[in-house]
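Residue numbers (UniProt numbering): 1 to 188.
First up is the structure itself, then whatever we jot down about it.
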């Protein structure tokens, strides 16, 4: 029996509910859903991924939409640009305290938090299955994984406090490993 259509229907309904709730949250702050997606991504990404190019790639939007979104978020005081100290051509996008507050309060929406918490121990199994689905879709689309740093093949634990990134040749603090990385390469 083909289970694709019922699973797709469930995922479609979940994403519709999610989009509707995000839209309503955005209205409260004078933002569109894409603006909240930018804020949330910036709240979860590392220093290699907080650029306009990474936002464009992660969200799958045009450079124009990214540029307009960044301008609006800057105007509203949710983000600011910071020049890279090594490569002055690169701008990093940094959340202000107001931007951090929206990310923490609004995304994921409260109903999703409650729904996932109500699953209890089943949430671990769901997470594993959704990760597998995500990897398969990313592979099919040939899209970057944007995974957590700690799951990358270049991540090498050094101590309880630090790890080494073999790609960037940097020693980083452990918390950095919990962030989304544009350079992420799935460990085999």
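Ideal Cβ placement from N, Cα and C applies to all residues, glycine included.
None of these values were measured; they are calculated from a predicted model.
Residues bridged to residue 163 (per DSSP)
157, 172
Return the residue from the list 185, 181, 187, 28 that minimises the CA-CA distance to residue 47.
181
So for residue 186, helix, strand or coil by DSSP?
strand
Residue ranges of each beta strand (DSSP E) run of no fewer than 3 residues wholly in the UniProt domain "HTH marR-type" (4 to 139), ordered along the chain?
List check, beta strand (DSSP E) in window: 79 to 83, 91 to 95.
Give me the Cα-Cα distance between residue 43 and residue 20, rounded to the nearest whole angstrom.
Distance between the alpha carbons of residue 43 and residue 20: 21 Å.
Close beta carbons around residue 172, own chain, < 7 Å, minus the five adjacent residues each side
Within the same chain, 162, 163, 165 come within 7 Å of residue 172 by CB-CB distance, once the 5 residues on both sides are set aside.
Would you report the Cα separation of residue 34 and residue 160, rounded to the nearest angstrom?
Going from the Cα of residue 34 to the Cα of residue 160 covers about 37 Å.
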